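495 is the number that our numbering gives the last residue of the sequence shown; the numbers go up by one with no jumps.
Heads up, the beta-carbon is just placed ideally off N, CA and C, and yes, glycines get one too.
Computed from a predicted structure; not experimentally measured.
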Amino acid sequence: MGIVRRQSIKKTIVSFIGVLVGTVSVLKIYPLEFEIYGRAQFIIATAGLIIPFATLGISRLTVRYFPDFEDDNSSHHGFLGFLLLFTTSSFLVFVLFLSIFESSFLAALEHLGIKSDNFLENRNVILIISLVLVFNSILAMHASNFKRVVVPEIFNNLFVKLGLPVLVLLYYLRYIGVLEFNYLYALVYILAMFGLIGYLMYLKQFSLMVDLKYIRGTMFRDMIEYGLFNTLSSIGYLLSFRIDSVMIGSMLDLVSVGHYNFYSYIVNTVAVPFLALTSIAGPLIAQNFKKNDLDNAAKIYRQSSETLFIVGLGILGVVLISLESLLSITGKLDILWPFRYCFIFLGLGQLINVTTGVNEPIISYSKYYKFNLYAMAFLSVMNLILNYFLIPRLGILGAAIATATSLAAYNILKSVFIYQKFKILPLTKVHFKVLLISIGSFCIAALIPSIENRYLDIFVHSGVYALVFSLSMISFKISEDITELWLSIRKIFF
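Pasting the structure below:
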């Protein structure tokens, strides 16, 4: 876990800088223009829905098949060039079919309860961002093959989180209109793409060479089959976990999308360490399966689950104990407080998601990768039905309940499957101890009376929870990873 820990910590630091920027934006900037913020979230969510159909799961090949292409040359038998060429070709074919069958596509959207007018109004920018997102994913994942995840995180995460609030402010000050906002939003992702290309060139790992001879035969068929199955799995994932913003925007309004994504953004800070860990653990797990080293994969699975559960409960507790004060400093307490239970449900769903650790790459990079499709087929239908019935009745709370239920069911199902096939479970006695400590820390912090100054109230209540929780983790040596991290910090500063 050494390299996983080091790279994960570095990426997490960068990610939390992004969280800090995003938090300021969520609390102070986005409430100024919830509608334009909701538009941005609708665009990115719809782009995410298009990607699996337009690119046939090609980005998922980047880590899975790199060990088969790797050599001493920077071209690696034209691996990166092939991925980018295939992505571009499949996307152009998708755009052609979309143009030919546009009326049928729009009718399908209407049938799903998605207003076609919203799509048509933002179609060009949605398509541009869809293609660039896939390029950025491939480039970042290719960098992770060389154990480089920090700089890609700067471009894919921090840079975007700096760009969006600037655009919202420009719109709020009336320097730009909706059309300019849309295309400048796309430009942010395009600039991030060029940053990733430049970084790979710096690593001497960027090559557009394509060696079609190397991938002919059985390997090519396997890659296509793997890509197609992951396409279907990705569609299921998006229908399960990303359809909420699209359906809220279509069944309610863009302002509601802004309210929902306000809470969703706060909750997603729980996933920051999870994304950092999986980005570096994924290539290692792929290598472990290639070497048939199940013991090391199991170790990564358990330790990642323990660490992520600790961090997840820590973050949720810090936010929950001061939620009312956090909402107060936005100046929109009266608007956002009625939807506070969205945070509870989304938080529980995300906690289960991170607690199951790296179960997704374990399945995806094993011979059982097809299971993801079967699980997703059921869950996507379940989530669509839940959203369809709950959003009109409960508003954005209904979407939160549907998303949380889908996240929980999906990850529990995957964990059971992994146990059946590999006889390993992510849960240990550590999880029970951490839960008790978290409850105790929350109760201690909750005993402190409210303070009129909201900033001071946040500092005191969240600070007490974080202090008691952290000291308990260190004193009782609950987690090997957390203990080693503390020892490293102590050597540096003490």
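Counted within 10 angstroms of its Cβ, other Cβ atoms place residue i as buried (16 or more) or exposed
i: Lys214; result: exposed
i: Lys430; result: exposed
i: Met224; result: buried
i: Leu180; result: exposed
i: Ser463; result: buried
i: Tyr104; result: Checking the sequence, you will find Ser at residue 104 rather than Tyr. Counting Cβ neighbours within 10 Å, Ser104 comes out exposed, since fewer than 16 surround it.
i: Glu361; result: buried
i: Gly178; result: exposed
i: Pro53; result: buried
i: Val25; result: exposed
Assigned secondary structure, residue i (DSSP; H/G/I helix, E/B strand, else coil)
i: Ser60; result: helix
i: Val15; result: helix
i: Leu99; result: helix
i: Lys214; result: coil
i: Leu486; result: helix
i: Met2; result: In this prediction, Met2 scores a pLDDT of 49, lower than 50, which makes its location untrustworthy; the coordinate-derived value is nonetheless stated afterwards. Note: Met2 maps to coil in three-state DSSP.
i: Arg491; result: helix
i: Asn293; result: coil
i: Val256; result: helix
i: Asp73; result: coil
i: Leu426; result: coil
i: Phe390; result: helix
i: Ser480; result: coil
i: Thr232; result: helix
i: Gln42; result: helix
i: Pro68; result: helix
i: Gly1; result: A question about residue 1 goes unanswered here, because the residues of the chain that appear run from 2 up to 495.
i: Pro450; result: coil
i: Ile475; result: helix
i: Phe35; result: helix
i: Ile244; result: helix
Straight-line gap, residue i to residue j (C-alpha atoms, nearest Å)
i: Ser90; j: Met383; result: 33 Å
i: Val1; j: Ala187; result: Outside the shown range of the chain (2 to 495) lies residue 1, about which nothing can therefore be said.
i: Ile286; j: Asp212; result: 26 Å
i: Cys343; j: Tyr266; result: 11 Å
i: Met220; j: Tyr227; result: 10 Å
i: Ile249; j: Leu165; result: 21 Å
i: Leu168; j: Val320; result: 27 Å
i: Ser367; j: Phe310; result: 24 Å
i: Ala272; j: Gln351; result: 7 Å
i: Gly23; j: Leu163; result: 8 Å
i: Leu395; j: Phe43; result: 20 Å
i: Ser476; j: Gly199; result: 45 Å
i: Gly441; j: Leu448; result: 11 Å
i: Ser480; j: Phe418; result: 26 Å
i: Thr270; j: Leu314; result: 11 Å
i: Glu122; j: Ala193; result: 25 Å
i: Tyr31; j: Asp482; result: 36 Å
i: Leu21; j: Asn388; result: 31 Å
i: Met2; j: Lys292; result: Model confidence at Met2 stands at a pLDDT of 49, short of 50, so the residue's coordinates are unreliable and nothing is read from them.
i: Gly19; j: Ser326; result: 22 Å
i: Trp338; j: Leu328; result: 7 Å
i: Met210; j: Ala467; result: 51 Å
i: Phe102; j: Phe92; result: 15 Å
i: Ala299; j: Leu185; result: 44 Å
i: Ala86; j: His77; result: Reading off the sequence, residue 86 comes out as Leu, not Ala. Between Leu86 and His77, the C-alpha separation is close to 15 Å.
Contact check, residue i vs residue j, beta carbons under 8 Å
i: Leu408; j: Ala376; result: no
i: Ile322; j: Phe443; result: yes
i: Thr331; j: Leu57; result: no
i: Leu62; j: Val247; result: no
i: Ile363; j: Leu253; result: no
i: Ile439; j: Pro427; result: Before going further, note that residue 439 is Ser rather than Ile in the sequence given. No, Cβ-Cβ distance for Ser439 and Pro427 is not below 8 Å.
i: Val359; j: Ile301; result: yes
i: Phe230; j: Leu374; result: yes
i: Leu385; j: Ile191; result: no
i: Ile130; j: Thr88; result: no
i: Tyr173; j: Leu33; result: yes
i: Ala55; j: Phe95; result: yes
i: Phe263; j: Ile37; result: no
i: Leu201; j: His143; result: yes
i: Leu317; j: Arg341; result: no
i: Ala347; j: Val268; result: It is worth fixing the name first, because residue 347 is Leu in this sequence and not Ala. Going by C-beta atoms, Leu347 is nearer than 8 Å to Val268.
i: Ser251; j: Asn119; result: yes
i: Tyr411; j: Leu380; result: yes
i: Leu197; j: Asn146; result: no
i: Val312; j: Glu154; result: no
i: Ser305; j: Arg65; result: no
Near the ligand PLP: residue i beta-carbon under 7 Å from a heavy atom
i: Ala446; result: Within the structure as shown, the ligand PLP is missing, as the structure has no ligands at all.
Minimum Cβ-Cβ distance from residue i to chain C less than 8 Å
i: Ser91; result: Protein chain content of the structure displayed is limited to a single chain, and chain C is not contained in it.
ask   = Whole alpha helix (DSSP H) runs in the region 111–189 with 4 or more residues, listed along the chain?
value = Correct list: 117–122, 124–145, 151–154 and 160–173.
query = Where in the region 315–379 do unbroken runs of the alpha helix (DSSP H), each at least 4 residues long, occur, reported from the N-terminal end onward?
reply = 324–329, 334–337, 342–356 and 360–365
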